[in-house]
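Read through the structure below, which is laid out as structure tokens, and then see the notes.
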């Protein structure tokens, strides 16, 4: 995987994992103030979730990179079989 492909894969993984991590640990507000959404969280814990997302995405990216480099799953062979 070249540099640009690696960066693109990492960014896609990062956003995908962020959307999976966002709902973790969210508690609803018990006392709703008029004008606020009923489902609004008490604390978002966003900085911790961003750090966790970055770490998890890095680990998943290393795994994906190793799979691509080792030709364990050869995408070129898959395309040849389809054509």
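Numbering (the working numbering), first residue to last: 2 to 84.
Using N, Cα and C, we set each Cβ at its ideal position, and we do this for glycine too.
Quick caveat, the model's predicted, so the values are computed rather than measured.
If I measure Cβ to Cβ from residue 58 and keep anything under 6 angstroms in the same chain, skipping five residues before and after, which residues do I get?
Looking up residue 58 in the chain shown gives position 57. Excluding the 5 residues flanking it on each side, residue 58 has same chain C-beta neighbours closer than 6 angstroms at 14, 15, 18, in chain order.
Using a Cβ-Cβ cut-off of 8 angstroms (strictly less than) and excluding sequence neighbours within five positions of residue 25, which residues of its own chain qualify?
As a first step, residue 25 is located in the chain shown; it is residue number 24 there, counting from the start. Cβ neighbours of residue 25 within its own chain (closer than 8 angstroms, five residues either side excluded): 50.
Out of 80, 67, 74, 73, which one is the CA nearest neighbour of residue 3?
To locate residue 3, count along the chain shown from 1; it is residue 2. Among 80, 67, 74, 73, the Cα nearest to that of residue 3 is on 67.
Continuous alpha helix (DSSP H) stretch holding residue 7: start and end:
Taking the first residue of the chain shown as 1, we reach residue 7 at position 6. Its alpha helix (DSSP H) spans residues 4-22.
Check whether the Cβ atoms of residue 30 and residue 41 sit closer than 8 angstroms, and answer yes or no.
Here residue 30 refers to the residue found at position 29 of the chain shown. Here residue 41 refers to the residue found at position 40 of the chain shown. A contact, by the Cβ cut-off of 8 angstroms.
Terminal residues of the continuous alpha helix (DSSP H) containing residue 69?
Counting from one through the chain shown, the residue named residue 69 turns up at place 68. The continuous alpha helix (DSSP H) containing residue 69 extends over residues 47-71.
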